[in-house]
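See structure below.
Residue numbers (my numbering): 2 to 163.
Take a look at the structure:
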């Protein structure tokens with residue numbers, strides 16, 4: 002299987018939204034405040050995906066969007082893989098690309114937040130060399146500000162790009 006990573010384009014928005022919506026439900030329902038679940042409607046993922054295209058990089062397998070990552074400065078904000086491609090190595094490719102982007106942004110360390118109850122994601126990041134630095138409340142963006150979400154902060158040193 003060949004995985005190609007490339008910057009997202011507007012035409013990728015629907016695929017990103019679909020992957021994000023289903024993946025967010027899998028990793029967050031039962032682990033985040035109900036107020037956030039109520040705000041994260043299906044429609045909200047389509048709006049957010051369209052608004053965040055410039056931050057997104059997609060993984061393509063056989064002409065299908067298999068997953069995406071969003072990086073802003075030193076934060077790996079979103080990493081999602083379609084249900085059909087989980088366990089295939091796509092997530093590792095996307096995470097490596099995110100680490101490269103953080104280094105290219107001039108940072109020596111990348112960080113990301115993982116919902117405390119998302120054990121599958123936490124194991125994945127630990128296998129990829131990320132260190133859990135402890136619990137914190139992540140300020141999830143919502144229409145009128147932020148909502149605190151119980152998370153763990155993970156960090157990893159990244160190699161500077163010359």
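Cβ coordinates follow ideal geometry from the N, Cα and C atoms, glycine included.
Remember, it's a predicted structure, so these values are computed and weren't measured experimentally.
Self-check item: Coarse secondary structure for residue 80, derived from DSSP in three states
Solution: strand
Quiz item: Thinking C-alpha only, which one of 25, 34, 77, 111 is nearest residue 147?
Solution: From the listed residues 25, 34, 77, 111, the smallest Cα separation to residue 147 is found for 34.
Exercise. Compare the Cα-Cα distances from residue 6 to each of 96, 38, 40 and report the closest residue.
Key: 96
Quiz item: If you pair each beta-carbon of the stretch 80–93 with each one of the stretch 62–69, do three or more pairs fall below 8 Å?
Solution: yes
Practice problem: Report the rounded CA-to-CA distance for residue 141 versus residue 21, giving the unit in angstroms. | Solution: Going by the C-alpha atoms only, they are around 15 Å apart.
Quiz item: Roughly how far, in whole angstroms, is the beta-carbon of residue 59 from the beta-carbon of residue 17, given that I think they are within contact range, below 8 Å?
Solution: 7 Å
Quiz prompt | Cross-strand partners of residue 71 (DSSP beta bridge) | solution = 57, 79
Quiz item: Does the count of Cβ pairs from the stretch 44–61 and the stretch 7–15 closer than 8 Å reach three?
Solution: yes
Exercise. Pull up the distance between the alpha-carbon of residue 46 and that of residue 26, whole angstroms please.
Key: 11 Å
Practice problem: Output the residue ranges of the alpha helix (DSSP H) runs that lie fully inside the stretch 75–131 and measure 4 residues or longer, sorted by chain position. | Solution: You should have 91–105, 120–128.
Quiz item: Cα separation between residue 75 and residue 156?
Solution: 10 Å
Self-check item: Cβ-based neighbour list, residue 119, same chain, cut-off 8 Å, excluding 5 preceding and 5 following
Solution: 28, 29, 32
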